[in-house]
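2 protein chains.
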Amino acid sequence: MLAFTVKNKKLVALNKPLPQLRPRWALVRVLLAGICNTDVEILRGYHAFRGVPGHEFVGEVADVKGVSTKEKSKWLGKRVAGEINVSCSAYNYRPVCAFCRRGLKTHCARRTVLGIVNHDGAFAEYLALPLENLHLIPNSIADEQAVFVEPLAAACEILAQLNMKQFREAAVLGDGKLAQLIARVLRTTLPRVVMYGKHKDKLQQASAAGIETQIVRGDASDLKRVKDNFALVVEATGSPSGLALAQHMTEPRGTLVLKSTFHGAAPVETWPLVVKEITLVGSRCGPFAKAIALLRSEKVDPPPLVARTFPISEAPAAIQYAQQPGVMKVLLKAE
Amino acid sequence: MLAFTVKNKKLVALNKPLPQLRPRWALVRVLLAGICNTDVEILRGYHAFRGVPGHEFVGEVADVKGVSTKEKSKWLGKRVAGEINVSCSAYNYRPVCAFCRRGLKTHCARRTVLGIVNHDGAFAEYLALPLENLHLIPNSIADEQAVFVEPLAAACEILAQLNMKQFREAAVLGDGKLAQLIARVLRTTLPRVVMYGKHKDKLQQASAAGIETQIVRGDASDLKRVKDNFALVVEATGSPSGLALAQHMTEPRGTLVLKSTFHGAAPVETWPLVVKEITLVGSRCGPFAKAIALLRSEKVDPPPLVARTFPISEAPAAIQYAQQPGVMKVLLKAE
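Sequences listed follow chains A and B, in order.
Using our numbering, the first residue of the first sequence is number 1108, and each one after it goes up by one.
Using our numbering, the first residue of the second sequence is number 1108, and each one after it goes up by one.
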């Protein structure tokens, strides 16, 4: 099959054999894959990942191993999205780790992560995932929506982590792909969500989805200019300067959700966290079922965030394009 | 009265008039005052504070204004500790601010702070505080214990912020004055508390109070050497390097309490907070009643942490001494 790996900070095409399946794993033909900032970080050498990147996808089940004919027929040919953390049970490790025992599979101590940690990902014609990671996509949800299930689930993680009833409004810092999804997800439960971003055109996209917007410069000068305070602030700028502004804008005893996972140490003054007794909540992967429900209800509609779709064979050009300033979601499509 | 202010990074003696009292405020004769790292930061020019520093004290009520003779007699001559945040109600501001309305007086938007923000503090013969900030000290608690009520309350804030029943053990990073109190307070509710510090002698003091100890270097090499993981980690090193180790040692979905309020930006990688979905809780001033109860019960005994007591007239020498390596709590005593 055609697959892409990272070499010298570029994606290069390979002809790879189909992935081997363990019992209760599925072979999935990738229909659409999304390019995420994490993929760009992998390209730049972070995560020390040498395999096939890509962790956002919608695919079609092509094969299943080690299950009854009846169970197999339930899956074959069906469209699925897939959770990216592959935990103890999928590898049949016994005993399972302390986190799997507590049901925290996304924090499994022995996990591999699709396209990120020791597990080939979605920038390929096929990928393999355990059945327990797969979620069927209802017919009413198009491929162009379903490919957003993974990042949308990450946005939904905020709803799972916080008691949202205590908030009436929120600020989202950042106007990129993830920030856009987060603002839309929060807007489904809060009457007021304000996005603070650097790019007029991106803010306009949020505006069209019922989100208030404010332009900022994305540097230290924002600390003097921005006077707004929120009980809930989500930092999703993907840049080191975001945390300082987020602390500045979080009111005393407020909650600051940290979503940015850029690598590299940024100088941060942390005393405002202490003086204001802010609760900072790190937030990563989230509930796929909730994301699928939001797409099905049409309360969140991500496809307008797609900048361009490339055929999978043009993946190297696609990931270069995705790094251009102002470019939102770039997709790879099966040929 | 004799008082000390900051000039050219030193304490200098002044002869000041007694503080004026508003209605329902008390004049307090300082019996003992403690020197805290925040006082040293004030000396170095942080906080831009120009008045009399000092916010840890035990004193004796010398006068009360604007109350009945009966209420006055309840206070006169009594020993007290005092909460340091002076909020809307004490200044008779109407309407009170949004935080006072919610009962969060320590976060009052218009607060002054004893010896730190717009309010002369305890490095003087007398100070003034509203009655609502004062707590009577029971006779069974000696001055040398009572002077620890303020920092001990700050340690107790952790118990007020977290549901401690979810934890069975905790790590405390740092072996200084505040870290020592925090470890002792946590030890009253947890069967196991481990202190990670740089100083053998300080760790021995913790050891004598039933706390496990581990020596660390206090630099980036700790990230490679320390393999321990905790569901609860308290960062109280007072230094920028502490946060990286604290993140490293907090297990996925764990809680990291941030107590250090040093000023200055330290380069911090924040992605572990996101990947491990750590909840970081900023923690500042705490409940005086709880601290007094702990002293009364003798479950926490701070006086062994006193390095030396100076007469108040020698405050400049005392604060120099407090900055020597390895020196724990330094006290100033009324003459």
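For each residue, glycine too, the CB sits at the ideal point set by N, CA and C.
Grab the span of the beta strand (DSSP E) containing residue i for me, first residue to last.
{"i": "G1141 (chain A)", "result": "1132-1142"}
{"i": "F1337 (chain A)", "result": "1337-1342"}
{"i": "L1350 (chain A)", "result": "Segment 1349-1356 is the alpha helix (DSSP H) holding L1350 (chain A); no beta strand (DSSP E) there."}
{"i": "A1278 (chain B)", "result": "1276-1280"}
So what does residue i bridge to, in DSSP terms?
{"i": "D1170 (chain B)", "result": "B:L1134"}
{"i": "E1319 (chain A)", "result": "A:V1301"}
{"i": "T1112 (chain B)", "result": "B:V1119"}
{"i": "K1436 (chain A)", "result": "A:V1413"}
{"i": "G1389 (chain B)", "result": "B:L1365"}
{"i": "F1164 (chain B)", "result": "B:A1140"}
{"i": "P1374 (chain A)", "result": "B:P1374"}
Consult DSSP for residue i and reduce its assignment to one of helix, strand or coil.
{"i": "N1240 (chain A)", "result": "helix"}
{"i": "V1159 (chain A)", "result": "coil"}
{"i": "L1221 (chain A)", "result": "coil"}
{"i": "D1395 (chain A)", "result": "For the sequence presented, residue 1395 (chain A) should be read as Phe rather than Asp. Helix, per DSSP."}
{"i": "R1186 (chain A)", "result": "strand"}
{"i": "E1421 (chain B)", "result": "helix"}
{"i": "A1327 (chain B)", "result": "coil"}
{"i": "P1379 (chain B)", "result": "helix"}
{"i": "A1429 (chain A)", "result": "helix"}
{"i": "A1235 (chain A)", "result": "strand"}
{"i": "V1193 (chain B)", "result": "strand"}
{"i": "R1360 (chain A)", "result": "strand"}
{"i": "A1229 (chain B)", "result": "coil"}
{"i": "R1154 (chain A)", "result": "Sequence inspection shows His at residue 1154 (chain A); the Arg mentioned does not correspond to that position. Helix at H1154 (chain A)."}
{"i": "A1216 (chain A)", "result": "coil"}
{"i": "L1401 (chain A)", "result": "helix"}
{"i": "L1310 (chain B)", "result": "helix"}
{"i": "E1148 (chain A)", "result": "helix"}
{"i": "K1272 (chain A)", "result": "helix"}
{"i": "R1129 (chain A)", "result": "coil"}
{"i": "Y1200 (chain A)", "result": "coil"}
{"i": "K1334 (chain B)", "result": "coil"}
{"i": "K1406 (chain A)", "result": "coil"}
Could you round the C-beta distance between residue i and residue j to whole angstroms and report it? I think they count as a contact, below 8 angstroms.
{"i": "L1293 (chain A)", "j": "R1275 (chain A)", "result": "11 angstroms between Cβ atoms; not a contact."}
{"i": "P1258 (chain A)", "j": "L1285 (chain A)", "result": "6 angstroms"}
{"i": "V1193 (chain B)", "j": "H1226 (chain B)", "result": "6 angstroms"}
{"i": "L1238 (chain B)", "j": "W1378 (chain B)", "result": "Their Cβ separation, rounded to whole angstroms, is 48 angstroms, which puts L1238 (chain B) and W1378 (chain B) out of contact at 8 angstroms."}
{"i": "A1425 (chain B)", "j": "L1439 (chain B)", "result": "6 angstroms"}
{"i": "L1128 (chain B)", "j": "K1172 (chain B)", "result": "4 angstroms"}
{"i": "S1367 (chain B)", "j": "V1381 (chain A)", "result": "7 angstroms"}
{"i": "A1313 (chain A)", "j": "Q1287 (chain A)", "result": "6 angstroms"}
{"i": "G1228 (chain A)", "j": "L1221 (chain A)", "result": "5 angstroms"}
{"i": "E1342 (chain B)", "j": "L1365 (chain B)", "result": "5 angstroms"}
{"i": "V1165 (chain B)", "j": "A1253 (chain B)", "result": "4 angstroms"}
{"i": "L1125 (chain B)", "j": "A1422 (chain B)", "result": "In fact, because the Cβ distance is near 18 angstroms, the residues do not count as touching under 8 angstroms."}
Hey, quick one: how far does the alpha helix (DSSP H) through residue i stretch, first residue to last?
{"i": "E1251 (chain A)", "result": "1250-1253"}
{"i": "V1292 (chain A)", "result": "1284-1294"}
{"i": "P1258 (chain B)", "result": "1256-1268"}
{"i": "A1205 (chain B)", "result": "1205-1208"}
{"i": "S1175 (chain B)", "result": "Careful: S1175 (chain B) lies outside any alpha helix (DSSP H) and carries neither H nor E."}
Using 7 angstroms as the cut-off, classify the Cβ of residue i as near or not near the heavy atoms of the ligand FAD, replying yes or no.
{"i": "P1124 (chain B)", "result": "Questions concerning the ligand FAD fall outside what the structure shown contains, since it holds no ligand whatsoever."}
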